[in-house]
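Student: The following block contains the structure, expressed as C-alpha cells.
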Amino acid sequence: MSASTAPGRDPVVVIKDLAVSFATDHGPVRAVDGVDLEVNPGEVLAIVGESGSGKTVTAKTILGLLPPTATTRGAVLLSGRDGATDVVSVPAARLRQVRGRDVAMVFQEPSTALNPVYPVGWQIAEGLRAHGRVSRSEARARAVEALRQVGIPDPEQRVNHYPHQFSGGQKQRIVIAMALALGPGLIVADEPTTALDVTVQAEILELLRRLRDETGTAIVLITHNMGVVADLADRVAVMYQGKVVEQASVGELFAQPQAAYTRALLGAVPRIGEGTARAEARAADRPAGWADAEPVVQATDLTITYPGRFRRPGFTAVDGVSLAIRPGEVLGLVGESGSGKTTIARAIAGLQPASGGSLRVLGTEMRGARPAALKAMRPRLGFVFQDPATSFNPLLTIAECVAEPLVVHGRASSPAAARRRVDELLEAVQLPRSYGDRFPHELSGGQRQRASLARALALDPELLVADEPTSALDVSVQARVLELFAELQKELGFACLFVSHDLAVVDLLADRIAVLYRGRLVEEGTGAEVLGAPREDYTRRLLASLPVPDPVAQRARREELAALTR
Amino acid sequence: MAQLDSGLGPVGTAGAAPVHARGRGGWLRRLPVVHQLRQSVGLQRGPLVAGLVLTGLFVLVAVLAPVLAPYDHSQLRTPEGAFGAQQPPSAEHWLGTTVGGYDVLSRVIWGAQTALYVVVVAILASIVIGVVLGLVSGYFGGWLDRVLVVVADAIYAFPSLLLAILAAIVISGGQASMWGGIMATALSITVVFVPQYFRVVRSEVVRVKGEAFVDAARVLGSGHVRIMTRHVLRNSVRTLPLIVTLNASEAILTLAGLGFLGFGIEPTAAAEWGYDLQRSIADVTSGIWWTALFPGLAIVVVALGMTLVGESLNDLADPRLRTRTASADVAGDVAQTSVQASVETSVEAELKAAGPTAGPAGPEQKEDRA
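Chains C and R, in that order, are what the protein sequence lines are.
If you read the first sequence in the working numbering, its first letter stands for residue 8, the second for the next number, and so on.
If you read the second sequence in the working numbering, its first letter stands for residue 23, the second for the next number, and so on.
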C-alpha cells in the first residue's frame, strides 16, 4: 500500500468530455454534460455542487456504477497496476478487476453500506477474496490491519463484531477500511460525512487526511458542504447543471472565486457570527417589561421517555430540560442526532406526550392534556417539518394543503373558499399564486419548504415550531429560506422554536441558543454568549468541529479542535 | 447574509417543475391501467397488451351475452324439437351439445356473464370490507388491530377453496337461484380475499400514518375521521388496482372450482363453466371432446388474461423492474436544477421596500431526477 504503484506523476484518473444521460419516464434527461477532470496521485479533488448538478453521477462513472438506464459518452481513463482502463467502454469482467483494486468507493450512509448479517472482518476480507485467493488467516490478519489503520480500537476483537455493534462514525471508518483493503490508487468518497454529526465528521475528515498522507491514495470527494471542502480538499471542481463551471486550487477558489455561480454558492454558506448583530438589534428594540411577560413556552424539568420494548426499560430522550420562550422570541435549539431536540419540538406541538416535569405551551399544560384542550391550542401554533418532500399530502394541490388549517378550524368552508387567503399566504412566502394549483412533487425542495411555511402561518400563530426546516435543502436554497424566515418573523412577530443541528444556521436566526447533549440542556444564552464564549466543554467541541468555508481559518480551527480533544 | 447576485442564467420558474399534468385527457392518462399502458415499452408491453385484449374480450362477451349467444343458457329445445344430448358440433350447434342437452356455445358465452358478475361482486365486497377494516385497524392500532390481524392470519392459514366451500354452505345452504347463487359464490370468495386487502391496506396505513404529512395534519388539529379519509386513505390504496387484477383471475378459478365441486349455481339458474366441466368428465373417456374443451378453454383464457395484466402492472409499478426506452447516444436536456424566481408580485415588492430581502432567488434544486 504505497504511492509507488502509481506510475510516476501521471494522473490517476482522466475524465474527458464525459456526458451521461438517463432514460426516464419523461424521456431522456442529461445529468452530466461534457465534463473534463483530472486527479493526480495523492491529491484530494473535491467536486461540489447542489443536488442534481451531476457530481455523484460523475463520481459513479469512475467506478462504472451507473444503472442500465444510463447512456454514457466520452472517456474515463483510470490508470491502475496494469495500465490505463477506459471505464466507459470496457466489458464488465474487466471492470470488476479494476474496482476495489484500482479504485474504491466510500458511501454516504455507512449503516446501509455494511451488510448487517456478516462480521465486519468478513466484509473487509470480501474485497481480498474477490481479487485472488487468500487464506482465512491471512484475510483475517489483513482485516485486523485495515481496522487498525482506520483507528478502530482493539481490532483483534472488533474484527469479529457485527455492524450494529459499532457507532455511526466507526461504521464509516470500517467502510473506509474496506475501500482501502486492496490499496487502490483512488478512493471516491460520495458525501462521506453528510450522515454524521459534526463532531464525528471532524474525526472522519481527520482520518481521510491522515490516510491520504500515509498511503498516497488520491481522493475524489463529493460534497455539498463548503466547510468540508475547505478542510480536506487540495483542488476543487464546482459543478452546475452537469458542467464544471470552475476548477481551482482550494486556496484560490475561496479567496478569488471566478465563476458567478461559485461566488453565489460561497455567499450562501452561513457563517457563525453573522446573526449576532441582528439579535442584538432585536433585543434593543424590545419594549420594557418584555422579559416579565408570560412565556409562550415554559418547560420545567421536562422529561420525555419512549416506552421500552417488552420488559426493557424505556429510553429517556429528554431529561430534566427547563427552558422558556417569550412572546416574539426565537429560541434556537442545537444538538447532535439523538440529543432529544426533535422530541422537544414534537412535545411542544402535542405530537409526543411528556412523561415528567411540566410543559406549558400557550397557557395549556401539555402533560396529560385532554384532546379538547389541545384542539383549542392548535390554531395558535404552527409547525414546519424537516423534510418538505414528505410533509405534504402528495395527492392534494399546494393550495389545498395550505388551506387545510383554515378548513379544519372553520375559517373557511372549503379549500376553494379559502383560496384568497391562500394566495396571500403564497405571496407572503414569495411563491407565485399559480403554484397553488401544482402538486407538491412539482415543486423544488426550497419551494416546497416555503409552501410549508405558508401552511404553518395560515392561522397567524403566536408560536412557530420549526424542526430542522432547512437540513434537507441545498446551501443556496437554505440561504433563501432562512432569509424569508427571518423576514416573516420580523413582520409577524411570532415566537419561534428553531431546531437545527447546524450552529451557523441557528446563529443566523435565534435570539437565544440552547445546546442539548444526550437529552440534557448543557448551555443556554444569547448567540454572543454561547458561540462567542462557550462555557461548556461540549459546546466548545461542537463549535470547533464545525468546518468553516475558509481553508486558512479552517486550518487554525483544526489545531484548536485537536487541542480540545487531546 | 447571502448576496446571491448576478450571473446565474435567468431561468424561468416554469422550467423548475414538470409540466402540469392536467388539461385535456389528463385524467384519462392518469387512470391506473391506461397510465401503465402508456408507460410500458418493448418486451414488457406485449404481455400487458395481450392481457388487456383477453380481458377486454371477456368483458365484451359477458356484456353482450344476450346478443351473442344463439340460445338461452338453460334452453333444451327449440320449437322444432329437443337439441339432443352430446351432439357433435354442427351448423345448429357450433360447439355441440352437453350431456344434459344444452348448447355448449351458449353455455360458454352465458358463463362469461356469470363469471363477470361473480368477479365484480366478489372484488367490490372484498375491497370495501378489506379497506375499511385495514384503515381502522392500521390507523388506531391497539387491541382491535391485534385481534383483526390474528383473524386474518387464521383465515390465511385455510386452503382458500376449502374456505370458499365452507362459506358457500353457510351462506346458501348449498344451491340457489341465479342471483342467490352468484351472491353466495361471490361472498364465499370475498371471505377468502378480505384478509389480503386488509393486510395490504393495513400495512400501507401503518406506513402512511408515520409520514410527516399526517403529523402535519395532526398539528393542525384535524380530527381522526378527516385525517383517515383525506390524508391516509387515498395514499394507502395505490397498490389496490394491482391486487384487484391478480385477485380477479383467482376469483375466476375459485368460482370454477366451486362449480366443479357442486357448490356453485344451479345449471337452470345460470351457466357456469366449472359445473359444465364437471358434467363432462365422463364424456372425455368416451371421445366426446367438445363438452370439456370449451368451458375449460374459457377458464384458462380469462384467468390467463387477468394474470398477464396483473403481473405486467406489478412489473411496471416497480421502477427497478420497469424498462425504459434507452437512447443510443447521450441525449436529452440537462434538468433545470436551478431557478430564479422571476415573479415580481406586489407583495414581494412591498417586502422589499419593508426591509432587507434575499435579493434574486438562489439556485434551487429539483430532486425528481430519475
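Backbone N, C-alpha and C define an ideal beta-carbon position, used for all residues, glycine too.
(1) I'd like to know whether the C-beta of leucine 402 of chain C is nearer than 8 Å to at least one C-beta of chain R.
(2) Using Cβ-Cβ distances below 9 Å, what residues of the segment 224-245 of chain R are close to chain C?
(3) Would asparagine 232 of chain C be called buried (16 or more neighbouring beta carbons within 10 Å of its own) or exposed?
(4) Using a cut-off of 7 Å between C-beta atoms, extract the partners of proline 412 of chain C located in chain R.
(5) Tell me whether the beta-carbon of leucine 189 of chain C lies closer than 8 Å to the beta-carbon of leucine 135 of chain C.
(6) Name the DSSP bridge partner or partners of glutamate 253 of chain C?
(7) Buried or exposed, going by whether 16 or more other CB atoms sit within 10 Å of the CB of asparagine 269 of chain R?
(8) Report back the beta-carbon spacing between alanine 134 of chain R and alanine 320 of chain R to the nearest angstrom; my notes put them in contact at under 8 Å.
(9) By Cβ distance below 6 Å, which residues in the same chain neighbour serine 236 of chain R in space, the five residues on each side in sequence not counted?
(10) Using DSSP bridges, identify the partner residues of proline 35 of chain C.
(11) What are the partner residues of aspartate 17 of chain C, as DSSP defines its beta bridges?
(12) Have a look at leucine 464 of chain C and glycine 202 of chain R and give me their C-alpha separation to the nearest angstrom.
(13) What three-state label does DSSP hand phenylalanine 215 of chain R in the structure shown?
(14) Cβ closer than 8 Å: which chain R residues qualify as neighbours of alanine 356 of chain C?
(15) So within the segment 136-194 of chain R, which uninterrupted alpha helix (DSSP H) runs reach at least 4 residues, ignoring any that extend past its ends?
(16) Quick check on alanine 202 of chain C: does DSSP put it in helix, strand or coil?
(17) By the 10 Å Cβ neighbour count, where 16 or more other Cβ atoms means buried, how is phenylalanine 322 of chain C classified, buried or exposed?
(18) Just how far apart, CA to CA, sit valine 39 of chain C and valine 94 of chain C?
(19) Could you check how far apart the C-beta atoms of glycine 107 of chain C and proline 191 of chain C are, in whole angstroms? I think they sit under 8 Å.
(20) Sort out for me which residues DSSP pairs methionine 112 of chain C with in a bridge.
(21) Within the same chain, show all residues whose beta-carbon is closer than 6 Å to that of glutamate 475 of chain C, passing over the 5 residues directly before and after it, in chain order.
(22) Using a Cβ cut-off of 9 Å, pull out every chain R residue sitting near valine 415 of chain C, in sequence order please.
(23) Between leucine 17 of chain C and aspartate 43 of chain C, which are expected to be in contact by the criterion C-beta below 8 Å, what is the C-beta distance as a whole number of angstroms?
(24) Interface residues of chain R around phenylalanine 399 of chain C at Cβ under 8 Å?
(25) For arginine 562 of chain C, is the classification buried or exposed, using 16 other Cβ atoms within 10 angstroms of its Cβ as the cut-off for buried?
(26) Using a cut-off of 9 Å between C-beta atoms, extract the partners of glutamine 61 of chain R located in chain C.
(27) With a threshold of 8 Å, are at least 3 pairs of Cβ atoms found where one atom belongs to the segment 139-157 of chain C and the other to the segment 199-207 of chain C?
(28) Along the chain, where does the alpha helix (DSSP H) containing leucine 407 of chain C start, and where does it finish?
(29) Going by beta-carbon coordinates alone, are leucine 515 of chain C and glutamate 287 of chain C separated by less than 8 Å?
(30) Just confirm the distance between the C-beta atoms of leucine 85 of chain C and valine 127 of chain C, as a whole number of angstroms; I'd bet it's less than 8 Å.
(31) When the Cα atoms are used, what is the spatial distance from leucine 499 of chain C to aspartate 467 of chain C?
(32) Using only the alpha-carbon positions, how far apart do valine 276 of chain C and leucine 388 of chain C sit?
(33) Under the rule that 16 or more other beta-carbon atoms within 10 Å means buried, what is tyrosine 313 of chain C, buried or exposed?
(34) What I want to know is whether the C-beta of alanine 339 of chain R ends up closer than 7 Å to one or more non-hydrogen atoms of the ligand HEM.
(35) In whole angstroms, give me the CA-to-CA distance for arginine 143 of chain C and leucine 239 of chain C.
(36) If we ignore side chains and look at the alpha-carbon of each, how far apart do leucine 275 of chain R and leucine 146 of chain R end up?
Tutor: Walking through what the data contain:
(1) One-based indexing of the first sequence puts residue 402 of chain C at position 395. Yes, its Cβ sits closer than 8 Å to a Cβ of chain R.
(2) Glu233, Ala234, Phe235, Val236, Asp237, Ala238, Ala239, Arg240, Val241, Leu242, Gly243, Ser244 and Gly245
(3) The residue given as residue 232 of chain C occupies position 225 in the first sequence. So asparagine 232 of chain C ends up on the buried side.
(4) The count along the first sequence starts at 1 and reaches residue 412 of chain C at position 405. Leu242, listed in chain order.
(5) On the first sequence, position 182 is the one that residue 189 of chain C refers to. On the first sequence, position 128 is the one that residue 135 of chain C refers to. Yes. Within cutoff.
(6) Residue 253 of chain C sits at position 246 when you count from the first residue of the first sequence. DSSP, once it has assigned bridges, lists C:Val245 as partnering glutamate 253 of chain C.
(7) Counted from its first residue, the second sequence places residue 269 of chain R at position 247. Answer is buried; the Cβ neighbour count reaches 16.
(8) Against the second sequence, residue 134 of chain R aligns to sequence position 112. Against the second sequence, residue 320 of chain R aligns to sequence position 298. Their Cβ separation, rounded to whole angstroms, is 7 Å, which keeps alanine 134 of chain R and alanine 320 of chain R in contact under 8 Å.
(9) To locate residue 236 of chain R, count along the second sequence from 1; it is residue 214. According to the sequence as given, residue 236 of chain R is valine; it is not serine. His253.
(10) As a first step, residue 35 of chain C must be located in the first sequence, where it is residue number 28. C:Ala30, per the DSSP bridge assignment.
(11) In the first sequence, counting from the first residue as 1, residue 17 of chain C sits at position 10. The partner list for aspartate 17 of chain C (beta bridge, DSSP) is empty, contrary to what the question assumes.
(12) Within the first sequence, numbered from 1, the residue matching residue 464 of chain C stands at position 457. Within the second sequence, numbered from 1, the residue matching residue 202 of chain R stands at position 180. Those two C-alpha atoms are separated by around 57 Å.
(13) What you label residue 215 of chain R is simply residue 193 of the second sequence in a count that begins at 1. It is helical.
(14) Counted from its first residue, the first sequence places residue 356 of chain C at position 349. Near alanine 356 of chain C (Cβ distances below 8 Å), the residues of chain R are Val241.
(15) 164-179 and 182-194
(16) One-based indexing of the first sequence puts residue 202 of chain C at position 195. In this structure, alanine 202 of chain C counts as coil in the three-state DSSP scheme.
(17) Residue 322 of chain C sits at position 315 when you count from the first residue of the first sequence. It is exposed - the Cβ of phenylalanine 322 of chain C has fewer than 16 other Cβ atoms within 10 Å.
(18) Numbered from 1 along the first sequence, position 32 holds the residue referred to as residue 39 of chain C. Numbered from 1 along the first sequence, position 87 holds the residue referred to as residue 94 of chain C. Taking the straight line from one Cα to the other gives about 16 Å.
(19) As a position in the first sequence, residue 107 of chain C is number 100, starting the count at 1. As a position in the first sequence, residue 191 of chain C is number 184, starting the count at 1. Indeed they touch by this definition, with Cβ atoms about 7 Å apart.
(20) Within the first sequence, residue 112 of chain C is the residue found at index 105, counting from 1. Answer by DSSP bridge pairing, in chain order: C:Val195.
(21) Position 468 of the first sequence holds residue 475 of chain C. Hits under 6 Å: Gln393, Val506 and Ser507.
(22) Translated into positions along the first sequence, residue 415 of chain C becomes position 408. Result: Ala239, Leu242, Gly243, Ser244, Gly245 and Arg248.
(23) Here the question's residue 17 of chain C lines up with position 10 in the first sequence. Here the question's residue 43 of chain C lines up with position 36 in the first sequence. Looking at the sequence itself, residue 17 of chain C is aspartate, so the reference to leucine does not match. No, aspartate 17 of chain C and aspartate 43 of chain C are not in contact; Cβ-Cβ is about 16 Å, not under 8 Å.
(24) Here residue 399 of chain C is taken as the residue at index 392 of the first sequence, counted from 1. Ordered by position in chain R, the residues that pass the 8 Å Cβ test against phenylalanine 399 of chain C are Phe235 and Ala238.
(25) For the purposes of this step, residue 562 of chain C is identified with residue 555 of the first sequence, where counting begins at 1. Classification of arginine 562 of chain C: exposed, given that the 10 Å Cβ count is below 16.
(26) Stepping through the second sequence from its first residue, residue 61 of chain R is reached at position 39. Chain C residues near glutamine 61 of chain R: Asp32.
(27) no
(28) In the first sequence, counting from the first residue as 1, residue 407 of chain C sits at position 400. Reading off the sequence, residue 407 of chain C comes out as glutamate, not leucine. Per DSSP, glutamate 407 of chain C belongs to the alpha helix (DSSP H) from 405-415.
(29) Numbered from 1 along the first sequence, position 508 holds the residue referred to as residue 515 of chain C. Numbered from 1 along the first sequence, position 280 holds the residue referred to as residue 287 of chain C. Against a cut-off of 8 Å, the Cβ pair of glutamate 287 of chain C and leucine 515 of chain C comes out as no contact.
(30) As a working mapping, residue 85 of chain C is identified with position 78 in the first sequence. As a working mapping, residue 127 of chain C is identified with position 120 in the first sequence. Not quite, the Cβ-Cβ distance comes to about 27 Å (not below 8 Å), so this is no contact.
(31) Residue numbering aside, residue 499 of chain C sits at position 492 when the first sequence is read from its first letter. Residue numbering aside, residue 467 of chain C sits at position 460 when the first sequence is read from its first letter. In a straight line, the C-alpha of leucine 499 of chain C is about 8 Å away from that of aspartate 467 of chain C.
(32) What you label residue 276 of chain C is simply residue 269 of the first sequence in a count that begins at 1. What you label residue 388 of chain C is simply residue 381 of the first sequence in a count that begins at 1. Computed Cα separation, rounded: 30 Å.
(33) Within the first sequence, residue 313 of chain C is the residue found at index 306, counting from 1. Under this definition tyrosine 313 of chain C is an exposed residue.
(34) The model depicted lacks the ligand HEM and carries no ligand whatsoever.
(35) For this step, residue 143 of chain C is matched to residue 136 along the first sequence. For this step, residue 239 of chain C is matched to residue 232 along the first sequence. Whole-angstrom Cα-Cα distance: 36 Å.
(36) Start at 1 with the first residue of the second sequence, and residue 275 of chain R comes out as number 253. Start at 1 with the first residue of the second sequence, and residue 146 of chain R comes out as number 124. Taking the straight line from one Cα to the other gives about 17 Å.
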